[in-house]
Each structure stands twice: as structure tokens, then as C-alpha cells.
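Enquirer: Once you've had a glance at the structure underneath, I'll fire off some questions.
Number of protein chains: 2
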Amino acid sequence: MTDRIADFLRTRRPEGPCLVVDLDVVRDNFLAFRRAMPDTRVFYAVKANPAPEVLKALAELGSCFDCASVQEIEMALEAGATPDRISFGNTIKKERDVARAFALGINMFSVDCEAEVEKIARAAPGTRVFCRILCDGAGAEWPLSRKFGCEPEMAVDVLEHAHRVGLDAYGVSFHVGSQQGNTGAWDGALASAAKLFRELAERGVTLRMVNLGGGFPAKYLKDVPGVPSYGRAILDSVHRHFGNRLPETIIEPGRGMVGSAGVIKAEVVLISRKQAGDDVRWVYLDIGKFGGLAETMDEAIRYPIRTLRGDDETAPCIIAGPTCDSADVLYEKTPYALPLSLEIGDEVLIEGTGAYTTTYSAVAFNGFPPLKAYVI
Amino acid sequence: MTDRIADFLRTRRPEGPCLVVDLDVVRDNFLAFRRAMPDTRVFYAVKANPAPEVLKALAELGSCFDCASVQEIEMALEAGATPDRISFGNTIKKERDVARAFALGINMFSVDCEAEVEKIARAAPGTRVFCRILCDGAGAEWPLSRKFGCEPEMAVDVLEHAHRVGLDAYGVSFHVGSQQGNTGAWDGALASAAKLFRELAERGVTLRMVNLGGGFPAKYLKDVPGVPSYGRAILDSVHRHFGNRLPETIIEPGRGMVGSAGVIKAEVVLISRKQAGDDVRWVYLDIGKFGGLAETMDEAIRYPIRTLRGDDETAPCIIAGPTCDSADVLYEKTPYALPLSLEIGDEVLIEGTGAYTTTYSAVAFNGFPPLKAYVI
Chain A
1 MTDRIADFLR
11 TRRPEGPCLV
21 VDLDVVRDNF
31 LAFRRAMPDT
41 RVFYAVKANP
51 APEVLKALAE
61 LGSCFDCASV
71 QEIEMALEAG
81 ATPDRISFGN
91 TIKKERDVAR
101 AFALGINMFS
111 VDCEAEVEKI
121 ARAAPGTRVF
131 CRILCDGAGA
141 EWPLSRKFGC
151 EPEMAVDVLE
161 HAHRVGLDAY
171 GVSFHVGSQQ
181 GNTGAWDGAL
191 ASAAKLFREL
201 AERGVTLRMV
211 NLGGGFPAKY
221 LKDVPGVPSY
231 GRAILDSVHR
241 HFGNRLPETI
251 IEPGRGMVGS
261 AGVIKAEVVL
271 ISRKQAGDDV
281 RWVYLDIGKF
291 GGLAETMDEA
301 IRYPIRTLRG
311 DDETAPCIIA
321 GPTCDSADVL
331 YEKTPYALPL
341 SLEIGDEVLI
351 EGTGAYTTTY
361 SAVAFNGFPP
371 LKAYVI
Chain B
1 MTDRIADFLR
11 TRRPEGPCLV
21 VDLDVVRDNF
31 LAFRRAMPDT
41 RVFYAVKANP
51 APEVLKALAE
61 LGSCFDCASV
71 QEIEMALEAG
81 ATPDRISFGN
91 TIKKERDVAR
101 AFALGINMFS
111 VDCEAEVEKI
121 ARAAPGTRVF
131 CRILCDGAGA
141 EWPLSRKFGC
151 EPEMAVDVLE
161 HAHRVGLDAY
171 GVSFHVGSQQ
181 GNTGAWDGAL
191 ASAAKLFREL
201 AERGVTLRMV
211 NLGGGFPAKY
221 LKDVPGVPSY
231 GRAILDSVHR
241 HFGNRLPETI
251 IEPGRGMVGS
261 AGVIKAEVVL
271 ISRKQAGDDV
281 RWVYLDIGKF
291 GGLAETMDEA
301 IRYPIRTLRG
311 DDETAPCIIA
321 GPTCDSADVL
331 YEKTPYALPL
341 SLEIGDEVLI
351 EGTGAYTTTY
361 SAVAFNGFPP
371 LKAYVI
């Protein structure tokens, strides 16, 4: 929560649930990444929050952009980024979208198999590609599935193939898992990356870049290490595994860039019990899983929730959304302690919600409009 | 799949993933419910698919409407339903929304606690309320959480309270769980409902209505009983528990009304393996969890997926969506058998997708537009 957001809510009093994003926090986060890793280029993961104001603020500071689709590429260009500062970082692309990106000047693409290399060789000849490798994600609040990336042994073939068909085999990427709390998590993947660099060099292909991905955490209920700790640990690992032949490095923070910049204002719609004498209350808010809080799935991400009831005595609550969907329950396995004095109609503030909220919001589920956002 | 949908796709060739809904199937489904349960009023659960054409077709056939929000109420009115054919069936309502619904003429509200009764007594005085009770949902593909409803013992107090504050304590509702495969699942809840009727009668309150909820299945990969079987089993239970003093009954089919009426056309974006020699292929489509297939969550709902490769030899595939979200994997625990001849760019048809798809779709996640729909 920042003074600017508090002022905005107090003076504007927006109706209905909404997200308020403080651009000063976004700018501070960008500068913290740059300070912690001065020789690493920052590619903001647009999908985390593609609000035009956020993209423009970051473009002005010199950020690059990791885009998941042609639409995101167009938004980054519109915000003022030049094509050389944009990567098409989705390993799953229609060939006609690769062609559209190429026509827009994009020169860096992500791959994880030969079929994707073939598409890029046809639709964006001569461009740079990096191959995503699988890594285990231990230590992450939300370890990633095996959806993206291939085993490192296969990556050697994929990159050699890219080289053979006239692409620029540029480097390797990986992702250590979302909301990664272990600053040392990059070490194992960097060892794999360095091995890939050596194996490809033996085949006459010189890789130059390591994309360190995202995973930088936002502060939710639990404390997380600061950006400087991540910078130090990662750069140590890069030195350890690459020695004096340091590759170019890039990072793709999304959650770590905008998560802490946003606060959702919501309202208590109902407080009830399922039977007389129940200890645990059900607290229903006017926002839930389908209104922007999709990341409460499996209760992995526990947002700080503040009421205006100060230090009143608390008791455990199950927290749920307003829709007629039985799956729209935010926190039940580990209930939240909320004030006993909490009342229907009270405002609550859900902090750390600047990332992965607005765009996850459903179009019109149960007739409810998508999450409104104000960027200040 | 119907001939009309096949014709539409062949002649219109829409670009990008889309849902096509055949109104003839919706009408047939409505008439099947009416035939199977001629004395029961059908309240279509608007949230399942609120397309104006669907609402209009059902309104013309005489359907009533179960609405989750004021927006849905407005849509039902616009489709031609009169207010007496609309229920505000969400147990979680802002008091100002109750007032708006009352101003629109709505006279039937759902509750599951005294706090909600209070809101309705203030904002919609004198109207009918029914109390939702918890029931166990055994036999459902997707048993519901405890989010809605209260224990039957508490419902007695809630309804007596409604009566005391000047509301019309109208009846009881329950929901036997989504995609309920057991036609006998209503029996236990009907026993509870009948007991409630008796207990309230002893307190001088005469209930008149049982809302049997939804749960009627759509046909996905597994076969399901037909509507007549549900009708017979439910009416048997009503007679068994209520004897000759039969209550009014209503049902709220959503999935059972529109699920089978829709087909999603999608495209194979990528087919890959994670390492050389993997038996299981990853097949990435241009639609996933965030583009309308949210109900693949936990792989509970297994949609029939058809390719144009006929009877070619098949092998197991993991199926995933196109976004950069690692959770956007549709089927992995139990892979799908798809033709070995399947190729990037192939069209696939995802059947039984008329319910809970368009409105679940994310606004713009990863920049991808929400699911388009054509109602024919």
C-alpha cells in the first residue's frame, strides 16, 4: 500500500472492485533490477500487467519487453519500444504470427523443439533464436509444469538445427519457477546452460546469450529476499559456470516488477456460517477467482488482506468470491484471520495484486464485468 | 456435432478459435426437460451461456431464468422474460443489487443465512425467498464445495426468520453437484427438504416450493443417462418424501441445456516432445484454460476432441493451451489418444462446449482475445 494509492481511493472512491497501480513502485522496481544486475538487460514480461501506462513508463526507463503474442508485441511498440528491444518469448507460436512479428521487425524468438525452429526459419529467416530448457523449479511457490522447454540433451540438437537452417542460434533460456524464494535456484540451470554452450561450441555453434527468465518474487504474506540478493547469487553462479567467457544475460521479471505496485479494493458482500456455532466464518468478497484472483488457485499465492478494522480481535475465515461457481473459493485449506468486527459492506484491500490480475479476469462470468484498473 | 455446425464451419471458415452453438439443440434440450418433468418449471441457469440468442430462444419456449447477478437479470428481461419468470439465485448479493433487482420487478431470491434474509427484507420487502441447504454431491463429476447453502437445521431458523421479518418463506433449494451421473442423487436432499417442510409447518410456516437445482449432465467422453431417467427418478423421490402433498418444483439446468449444443473449433499450434524418443507427444492448441476451457481444471471434464484424421492410428498426447502460463495444460494426468498423423495447423473440434466456455474466457491474457462465439 502506498500513500498515492491510499489518496486515490480516498478521493476518487471508485464503485465496485478495482485494481490501483502505482507507477512509482514499478519504476523503483525496474531501477532495483538494473542496480542489482547492471550488465543484464531487463525484458519485462508484458503478460504480468500490460496496462499501456505501465509499458510506457518502463519503455521510457529503457526496459526491453518479453511478449507472449503479436498483440503484446504491438502494445510494446505502441508504448515506445523499438523492435530490437522486444522478444517473442512464447515457445508456442502460429507460423502466421511469427511472420507478423517478423514484419514488425522482431528479431528474437523462443523455441523448444525442431518444429518451432522450422516455422521461424520459414517465416522469420535469419533471426535469433534461443532454446528453452527444462529445469526443476525446486524452491518455487509455484513450480512450473513441463509445458515449456525440452531436456538439455535435446536442446543441443534443436540449436544445431537452427544454425543449420540459417537462423542465429543465440542462446539458452530457462525458468526457475514462479515466486522463487531461493536465490540459489538459478545455479543448476546455469550449469546446464554452460554445458550446452560447450557442447554446441564443439559442434561449431557459438551461443552468446543466457535468458535467466523470471521467478523473482513479489512480497505477499511471506517475506522474500530482496532483488540485490538475487542479483548477487545469480551473478556468482554465472561466473562459476562460465568463468571468464561471460555470456550476455537477460532477465524477464513480471511479478517481481509489478506485483508489489498494485492494490485491489474490494467489498465484503456477505459473512455467514454454515451452521449455528461454527467457529469459521465464510467471508464473501465482490472479487474472486474469475474476477482477477485466479492465482489463488490451490492457495499457492496468499495475498495480504487488510481491513479497516485495525487491531480488532481476529478469528479464522474462509474467503470466497461472489459468483455462483462452487470453485470460486479463494482460501479454505488455510483460513485467514480477519477481525471479528468485520461487517458486510466493509472495504478490504488486497495487496500485492499488480501482477496477473486484470488480464486473468473473465469476460463476463455470472454477468460480472472484468476487473477495472486505474494506473496512477 | 450437428450438420448445421459442420455447414457453418465449412462455409464461413472463421479465423481463430471459436465456439459455434446450434439453437436447435438448445430447443430440443428444453423440450426434453419439459417432457420429462411436465409439472416442473424450468429456470435456465443463465451463467452457463448468456448469449442473447440462447436466452431469446428459451424465453420464446416459455423458459424461466435463474440469474446470478443484476446484469444477468437485465439480459433475461431483454430476451423477453417477464420478471415473474426470473429468480435471483445467487446466495451472495450486495444489498444495492437486491434493491436494483426489486426495482426491476424480481420477486424470488435465494438465501442461505439470516444476514442475507435481512438484506432482502430491507431492499425487497415482501418477496419470496428460498433457502439453499448443503447436500453431499456424491456421484457428481464435480462435487460442489460448501460455498453455498447451510446445514438443514440452520435452514429452519433462516426460513422462520424470513417469515418473521415479512418475507414469503417460499421453499428450499439444493444442488446435487455438477455433471451428476447418478439419477438417484436427488433422493437424500429431497428427504431433507421434506423434513424441513414438516419442521417449518410445526412452527406455522408453510413452505410451497422445492428448487431441485442443476447437475443434469452434458454428454462428454463418458456416456450419461438421458433426461427421462432423471425425470423419473426425481419425481419418484418427490412422491416418496412428500406423499400426496406435492410441492411446486423447479429445476435449474445450465450445462444440461446448452453443453451439448456447442462445438469449439481450434487449431494445432505445435506438436513436440520433451526429449528424443518420448512416447507421449505434447499437442498445443490455440485455446486453453484461459481462452474458455477453464472447466478442464483438475481434468474433471473431459471433452470429446475430434480431428479430421479419421481412424488413423493413435498414440497418447498431453494437451495444452497457447499461453505462456505453465498452468495452462488441459489434459496431462490422463493423456488423450490422438492420431499419429496429426500435424501442426490441423483443425480440431472440441465437442460439448456450449456451457461455461465463452464467459469463463479471460479478457486478454497473454494478449489473446476472448473466445468468439457464433449462435446459429
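Protein chains in written order, with the UniProt record's numbering: chain A, 1 to 376; chain B, 1 to 376.
The beta-carbon is built from N, C-alpha and C at its ideal position, and this holds for glycine as well.
So within the region 61–93 of chain B, which uninterrupted beta strand (DSSP E) runs reach at least 3 residues, ignoring any that extend past its ends?
Expert: The region 61–93 of chain B contains these whole beta strand (DSSP E) runs: 64–67 and 86–88.
Enquirer: Return the chain-ordered list of same chain residues with a C-beta closer than 8 Å to the C-beta of valine 238 of chain A, the five sequence neighbours on each side being excluded.
Expert: Excluding residues within five positions, the ones whose Cβ falls inside 8 Å are Leu190, Val210, Leu246, Pro247 and Thr249.
Enquirer: Check distances from the C-beta atoms of the region 62–96 of chain A to those of chain B and list, in chain order, the residues that come in under 9 Å.
Expert: Answer set for the region 62–96 of chain A: Asp66, Cys67, Ala68, Ser69, Val70, Gln71, Glu72, Ile73, Glu74, Met75, Gly89, Asn90, Thr91, Ile92, Lys93, Lys94 and Glu95.
Enquirer: Kindly list, in the order they appear in chain A, the residues whose Cβ is closer than 8 Å to that of leucine 144 of chain B.
Expert: Under the 8 Å cutoff, chain A gives Ser326.
Enquirer: Going residue by residue through the region 331–365 of chain A, where are the continuous beta strand (DSSP E) segments of at least 3 residues, counting only ones entirely within it?
Expert: As far as the region 331–365 of chain A is concerned, its whole beta strand (DSSP E) runs of at least 3 residues are 347–351.
Enquirer: Out of curiosity, what's the CA-to-CA distance linking alanine 51 of chain A and glutamine 71 of chain B?
Expert: Distance between the alpha carbons of alanine 51 of chain A and glutamine 71 of chain B: 26 Å.
Enquirer: Does the CB of methionine 257 of chain B have a neighbour CB from chain A at under 8 Å?
Expert: Judged by the 8 Å Cβ criterion, methionine 257 of chain B is not in contact with chain A.
Enquirer: Around the C-beta of aspartate 112 of chain A, are 16 or more other C-beta atoms found within 10 angstroms, so that it is buried, or is it exposed?
Expert: Flag for aspartate 112 of chain A reads buried.
Enquirer: Taking only the alpha-carbon atoms, compute the straight-line gap between residue 438 of chain B and valine 258 of chain A and give it to the nearest angstrom.
Expert: The structure shown does not extend to residue 438 of chain B, since chain B is modelled only from 1 to 376, so the question has no answer here.
Enquirer: Do proline 125 of chain B and leucine 104 of chain B have their C-beta atoms within less than 8 Å of each other?
Expert: It is not a contact, given that the beta carbons lie outside the stated cut-off.
Enquirer: If you draw a straight line from the alpha carbon of glutamate 95 of chain B to that of aspartate 66 of chain B, how long is it in whole angstroms?
Expert: If you take the alpha carbons of glutamate 95 of chain B and aspartate 66 of chain B, they lie about 18 Å apart.
Enquirer: Less than 8 Å between the beta carbons of alanine 355 of chain B and asparagine 49 of chain B, yes or no?
Expert: Yes.
Enquirer: Is the region 228–237 of chain A close to the region 270–277 of chain A, with three or more CB pairs under 8 Å?
Expert: Segments in contact, no.
Enquirer: Going by C-alpha to C-alpha distance, which of B/Leu167, B/Glu160 and B/Gln180 sits closest to glycine 139 of chain B?
Expert: With distances taken between Cα atoms, glycine 139 of chain B lies closest to B/Gln180.
Enquirer: Based on DSSP bridge pairs, tell me the residues matched to proline 143 of chain A.
Expert: Partner(s): none; proline 143 of chain A has no beta bridge.
Enquirer: If you check the beta carbons only, do alanine 45 of chain A and glycine 214 of chain A fall under 8 Å apart?
Expert: Yes, they are a contact pair.
Enquirer: Taking any Cβ of chain B, which residues in the region 357–369 of chain A have a Cβ under 9 Å from it, in chain order?
Expert: Listed in sequence order: Thr358, Thr359, Tyr360, Ser361, Ala362, Val363, Ala364, Phe365, Asn366, Gly367, Phe368 and Pro369.
Enquirer: Residues bridged to asparagine 211 of chain B by DSSP?
Expert: DSSP, once it has assigned bridges, lists B/Ser173 and B/Ile250 as partnering asparagine 211 of chain B.
Enquirer: Rounded to a whole number of angstroms, what is the C-alpha to C-alpha distance between threonine 334 of chain A and glycine 62 of chain B?
Expert: Looking at the two C-alpha atoms, the distance is approximately 45 Å.
Enquirer: Is there a C-beta anywhere in chain B that falls below 8 Å from the one on methionine 108 of chain A?
Expert: No, its Cβ sits nowhere closer than 8 Å to a Cβ of chain B.
Enquirer: Which whole runs of the beta strand (DSSP E) in the region 246–302 of chain A are 3 residues long or more, in chain order?
Expert: DSSP runs (the beta strand (DSSP E)) wholly in the region 246–302 of chain A: 248–251, 262–272 and 281–285.
Enquirer: Looking at threonine 359 of chain B: is its Cβ nearer than 8 Å to the Cβ of leucine 293 of chain B?
Expert: Contact flag unset, no.
Enquirer: Which residue comes first and which comes last in the alpha helix (DSSP H) that contains serine 178 of chain B?
Expert: Not the alpha helix (DSSP H): serine 178 of chain B falls in the beta strand (DSSP E), residues 178–180.
Enquirer: Hey, would you say isoleucine 319 of chain A sits closer than 8 Å to valine 283 of chain A, going by beta carbons?
Expert: For isoleucine 319 of chain A and valine 283 of chain A, yes; Cβs fall inside 8 Å.
Enquirer: For proline 14 of chain B, count neighbouring Cβ atoms within 10 angstroms of its own Cβ and tell me buried if that reaches 16, exposed if not.
Expert: So proline 14 of chain B counts as exposed.
Enquirer: If you measure from the beta carbon of proline 322 of chain B to each beta carbon in chain A, is any gap under 8 Å?
Expert: Closer than 8 Å to some Cβ of chain A, the Cβ of proline 322 of chain B qualifies, so yes.
Enquirer: Phenylalanine 148 of chain A versus chain B: which residues are under 8 Å apart at the beta carbon?
Expert: Correct list: Cys324 and Ser326.
Enquirer: Starting from arginine 273 of chain A, find everything on chain B with Cβ-Cβ shorter than 9 Å and list it in chain order.
Expert: Those are Cys113, Cys150 and Met154, listed as they occur along chain B.
Enquirer: Chain B beta carbons: is any one of them nearer than 8 Å to that of phenylalanine 174 of chain A?
Expert: Chain B, which has no Cβ nearer than 8 Å to the Cβ of phenylalanine 174 of chain A, makes this no.
Enquirer: Have a look at serine 229 of chain A and glycine 254 of chain A and give me their C-alpha separation to the nearest angstrom.
Expert: Straight-line Cα distance between these residues: approximately 18 Å.
Enquirer: Provide the residue(s) that pair with threonine 108 of chain B in DSSP beta bridges, ordered along the chain.
Expert: One detail in the question is off: residue 108 of chain B reads as methionine in this sequence, not threonine. DSSP lists B/Arg128 as partners of methionine 108 of chain B.
Enquirer: Show which residues of chain A have a CB atom less than 8 Å away from the CB atom of aspartate 286 of chain B.
Expert: Simply Lys94.
Enquirer: Under three-state DSSP, which class holds proline 217 of chain B?
Expert: In this structure, proline 217 of chain B counts as coil in the three-state DSSP scheme.
Enquirer: With which residues is tyrosine 374 of chain A paired in a DSSP beta bridge?
Expert: A/Val20, per the DSSP bridge assignment.
Enquirer: Check the Cβ of lysine 47 of chain B against every Cβ in chain A and list those closer than 9 Å, keeping chain order.
Expert: Ordered by position in chain A, the residues that pass the 9 Å Cβ test against lysine 47 of chain B are Thr323, Cys324, Asp325, Phe365, Asn366 and Gly367.
Enquirer: Taking the alpha-carbon of isoleucine 376 of chain A as reference, which of A/Arg203, A/Ser260, A/Leu23 and A/Phe148 has the nearest alpha-carbon?
Expert: Nearest C-alpha to isoleucine 376 of chain A: A/Leu23.
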